[in-house]
Amino acid sequence: MKSLQVGLGARSYPIIIKNGILANIGADLKQRKFAKRFFVIADSTVADLYGRQLLASLKQAGYDTEILTFPAGEQSKVLSTIGALASRLAQFGMDRGDGLLALGGGVTGDITGFLAASFMRGVPFVQVPTSLLAQVDSSVGGKTGVDIPEGKNLLGAFYQPKAVYIDSLVLQSLPAAELLNGLAEVIKYGVIYDRDFFEFLEGNRQKILNLDLPVIETVIESCCAIKAAVVEKDERESDLRRILNFGHTIGHAVEADSSYQLAHGMSVAIGMAAACRLAVDKGIFNQASSARVVRLIADFGLPVAIPENAAAAKLKEYLQTDKKTVGGKVFFVLPTAIGRVEITDKIDDNILDRVLGG
Ligand SMILES: NC(=O)c1ccc[n+]([C@@H]2O[C@H](COP(=O)([O-])OP(=O)(O)OC[C@H]3O[C@@H](n4cnc5c(N)ncnc54)[C@H](O)[C@@H]3O)[C@@H](O)[C@H]2O)c1
Ligand SMILES: [Zn+2]
């Protein structure tokens, strides 16, 4: 078992990483005394796969518990889902002494966190992430929220979980495309923060893709440690936390331009490769290191080229309307070395045109 701590004063919490922990979460929660009952929130797919096992573990530990489900997919990450779940919790008589438990991917975690932040003005919640993306990214850091027609994640709150339980065994059932989605974020951590981890990824590509247990556990632990370190220093994204947006500036533009047909991880992979090219053209990153990052992304089976049908002018419009654009300024997270990045809004238009033009 590996246990990390996200140090946020009174809002600190543990990240517990252990194969098979799903069957023992009830016993562990019992010692921590976060709540007297737990309502498990899961999407339909994950509830079918792992709901029974988790409920059994909670009941065995003496918890009174219920599972509430919603249809799997990003289209469920909307206010009406929050409203429907809140009504059912109220009907069950949930009170402030009870807690929520998010069992699932990033959609479930974001929904459950937002629900926990707002139900009776705040109840405790626990994350049990089951997709790679959720295990290395969305379950840690306290960003919660839902999408509205005007944009993704526009309505939300910072609200930290009480604990995060990660069982890498559940990744065995994750579709290959979802694994790739998470791997884009994994590569991101190496480039922005940790050269040794980047080299570990280079040396263990096949084992990672095969979900070799010790290797995938090391990957998850390294990513959570980096995310925890960044969040500890900047919980509300005023400064350092923005480095986590590496690959997400152009990535979001490409994703939006595809009307969200291109998966998030694919878009981030393209965005990271584009950020490397911008950094080389700007003269702050050497060509050999850039080629190395782009090769690692491609070796994992992720795309690195701007889609042919994405026009540069259109992508630039998306950059201007991105919610991370401040006062008309588009900020780019650019590598200066493997393991180090800087944030800048100073990119010559001709360099941007050249990189976006493919
Ligand atoms: N809060 C944050 O900091 C943060 C960070 C990054 C992304 N996000 C959000 O996370 C969401 C994306 O997360 P995601 O990719 O996990 O999406 P998701 O929750 O929709 O999960 C992807 C798919 O995988 C399925 N699944 C999950 N675990 C499984 C398992 N073990 N076996 C089989 N199937 C499984 C789900 O049912 C779903 O169909 C987006 O809404 C994004 O905005 C949030
Ligand atoms: Zn992302």
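The opening residue of the sequence shown carries number 6 in the working numbering; numbering runs sequentially from there. Where is the CB? At the ideal position from N, CA and C, for every residue including glycine. Remember, predicted model here, so these are calculated numbers, not experimental data.
- Put simply, the backbone Cα of F163 is about 19 Å away from that of F39.
- The alpha helix (DSSP H) runs lying completely inside the stretch 200-242 and spanning 4 residues or more are 200-208, 210-214, 218-238, given in chain order.
- Around the Cβ of R282, a 10 Å sphere holds 16 or more other Cβ atoms; the residue is buried.
- Contact between I30 and L59 holds, with the beta-carbon distance rounding to 6 Å and staying under 8 Å.
- The beta carbon of T341 sits closer than 8 Å to those of A284, I289, F290, E347, all from its chain and outside the five residues before and after it, given in chain order.
- CA-CA distance, G109 to N355, rounds to 43 Å.
- Secondary structure note for Q36: its alpha helix (DSSP H) is the uninterrupted segment 30-37.
- Per the Cβ contact rule, the stretch 180-197 is in contact with the stretch 261-276 (3 or more Cβ pairs under 8 Å).
- The count of Cβ pairs closer than 8 Å, one atom from the stretch 194-208 and one from the stretch 47-59, stays below three, leaving the stretches out of contact.
- Straight-line measurement puts the Cα of A315 at about 12 Å from the Cα of L267.
- In the DSSP assignment, the residues bridged to P134 are G109.
- Under a 10 Å Cβ-count criterion, L106 is classified as buried, with 16 or more other Cβ atoms of the shown protein chains found around its own Cβ.
- Assignment of I171 by DSSP, reduced to helix, strand and coil, places it in the strand class.
- Fewer than three pairs of CB atoms, one per stretch, sit closer than 8 Å, so the stretch 12-31 makes no contact with the stretch 75-89.
- Beyond the five residues adjoining it in sequence on each side, F124 comes within less than 8 Å, by CB distance, of A91, L94, M99, L105 in the same chain, given in chain order.
- Following the DSSP letters along the chain, one finds A317 inside the alpha helix (DSSP H) bounded by residues 317-326.
- The shortest CA-to-CA distance from R42 to any of V235, K321, L63, V331 is the one to L63.
- No heavy atom of ligand 2 is found nearer than 6 Å to the CB of V175.
- Per the CB criterion, closer than 7 Å to any heavy atom of ligand 2, the qualifying residues run in chain order as D142, E190, H253, H269, V273.
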